Structure formats: C-alpha cells, structure tokens
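Trainee: In this note's numbering, the protein residues as written are -13 to 247.
(1) Am I right that residue 20 and residue 233 are in contact with their C-beta atoms under 8 Å? What's the rounded C-beta distance?
(2) CA-CA distance, residue 100 and residue 83?
(3) Excluding the 5 residues flanking residue 125 on each side, which residues of the same chain have their C-beta closer than 6 Å to its C-beta?
(4) Check this for me: beta carbons of residue 81 and residue 72, under 8 Å apart or not?
(5) Is the beta carbon of residue 181 less than 8 Å from the beta carbon of residue 67?
(6) If I follow the unbroken beta strand (DSSP E) through residue 25, where does it start and stop?
(7) Taking 8 Å as the threshold, find out whether the stretch 168 to 175 comes into contact with the stretch 44 to 51 through three or more Cβ pairs.
(8) Out of 157, 86, 62 and 187, point me to the one whose CA is closest to residue 134's CA.
(9) Restricting to runs no shorter than 4 residues, where is the alpha helix (DSSP H) found entirely within the stretch 88 to 120?
(10) Look at the alpha carbon of residue 54 and the alpha carbon of residue 29, and state the distance between them as a whole number of angstroms.
(11) Could you tell me the distance, in whole angstroms, from the CA atom of residue 225 to the CA atom of residue 202?
(12) How is the alpha helix (DSSP H) around residue 230 delimited, first residue to last?
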C-alpha cells in the first residue's frame, strides 16, 4: 500500500499544472513508475499482467486535446545468446542440419501501445529505435553468412518466441487517464525468464519520437523449489551427499515395504 501511494504521489507531482507550466518552451518529457521493482514467481505461476503508471511533463494542451501524443511501453527481458536450428529431412528423418547463433537477444519482449503501430509512426522510425519485436536488432555471432540465411533464422526466432508467448503485442494497452497521466498493461508469460528486466516507455508527438525513459524490474523465483535450487548450487557437496543418502534410504524403505514373505 505504501509503495502504491508513493507511485500515485510521484505521478501527481509530475502531472500537476504548476509543474507543467514551469517552462512551456522546454520539450516534453516522460516518466514511469512501477508498483514494485521485484516480482516473485512460483511453480504454479500461470502468467499475469503488469501495470505501469506514467506521466508526461510539459505537454502541449492543443496537441493533447487532438490526441496526438502516443506512448509505447515495452517490458524487455534480459539479453541472452540463442541458437536457432533448422531441421532437414534426411533418409526419412527430420534432423538438425543448420544453425545460427544470435547474441544479446531479449529473452522476452512484451509491448503495449496507445494505438496500432502504423498509426503512431512510420516503420523507419521503429527500425531506428529498434522498437517492436519485428525491429529488434538480432546480431548473428557469425556475420559472414548470407543476408537471406540470417533473415530466415531471425524470422524463425521471432516466430518461436511469439508461439511461446514470450513476444507479445497489446494494441490499446496504454490508456491515458488524463492529459498527463497514463497507464500501461503488459503481459508476463507463464514461462517468463528470471533476471533483470527493463520497462521502457517511448513518447511520440505527431508521429515524431520525442523521449524515452526506463526503469529496472527484477523477476525471481520463490518457493520450496527455488530453495532446493539454491541449496544445490550454494552447497553442492552437502546437497549431493544428502541426495545419495535419501536415495539409499528410499531404496531400503522400499525393500522393507515390498519384501515378499
């Protein structure tokens, strides 16, 4: 509750008319805040929606009245190398024959927008900002390959991510609550990766990019399973001895229970 009150207080300060009139000649700015900077997930986690609040500073009332301000919010997962394989039919069997490794690929990428992408800005602006799943810069570890091959593997990578629910778009997921305040809802997939994510907000005015801001979000596992995982890594020797002892005890108990007379 205290953190939520802090968020609303933060937004109220940024959205106050006095603040907006300090310097009307300065360019617009955008700020976002999270209700929490840490999210815990358990073994029964089935996905969720994350709400992000934000505020605009130094807005032009005329532009705002015409609805020409747009916001795109992205929740970007930690970057990791990913190997994409291509299967080929050989002697009646499908086997992996080709691969392409991409470095610094966002493990997840959830987007929320005020309107459809094509109604906010042109495709060139998104490419320059590397904004949107189709515009993420996927750098192959071997740049000497043909452009067609790299493009084919990059497209397959995006398709797999979308199929797994890790790359998603939510048109209309950003809603203006007032002239200055907005709320964005992004999706957390059931298989969302743990690690430090980054919430990013992009402000557009009359289809022109104005400003970007970002805040970190840590997603971590919790519960009994995570305790076992940590114990296995932090105390590997004792964990191994305990596992062997437990296996021996289980075998002995089974031989007693199912012993034939």
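Even for Gly, the Cβ is constructed at its ideal location relative to N, Cα and C. Small disclaimer: the values here were computed from a predicted structure and weren't measured.
Mentor: For this structure:
(1) On the chain shown, residue 20 is found 34 positions in, with the first residue counted as 1. On the chain shown, residue 233 is found 247 positions in, with the first residue counted as 1. About 44 Å separates the two Cβ atoms, so there is no contact after all.
(2) Residue mapping note: residue 100 aligns to position 114 of the chain shown, counting from 1. Residue mapping note: residue 83 aligns to position 97 of the chain shown, counting from 1. About 43 Å.
(3) Taking the first residue of the chain shown as position 1, residue 125 is located at position 139. These residues qualify, in order along the chain: 89.
(4) The sequence position of residue 81 within the chain shown is 95, counting from 1. The sequence position of residue 72 within the chain shown is 86, counting from 1. No.
(5) As a first step, residue 181 is located in the chain shown; it is residue number 195 there, counting from the start. As a first step, residue 67 is located in the chain shown; it is residue number 81 there, counting from the start. Not a contact, by the Cβ cut-off of 8 Å.
(6) Numbered from 1 along the chain shown, position 39 holds the residue referred to as residue 25. Unbroken beta strand (DSSP E) run through residue 25: 24 to 27.
(7) no
(8) Sequence index remark: in the chain shown, residue 134 carries index 148 (1-based). Comparing Cα positions, the closest option is 86.
(9) 103 to 106 and 109 to 115
(10) The count along the chain shown starts at 1 and reaches residue 54 at position 68. The count along the chain shown starts at 1 and reaches residue 29 at position 43. Going from the Cα of residue 54 to the Cα of residue 29 covers about 43 Å.
(11) If you number the chain shown from 1, residue 225 lands on position 239. If you number the chain shown from 1, residue 202 lands on position 216. Near 33 Å, if we compare the C-alpha coordinates of residue 202 and residue 225.
(12) Walking along the chain shown from the start, residue 230 turns up at place 244. Here the alpha helix (DSSP H) through residue 230 covers 222 to 243.
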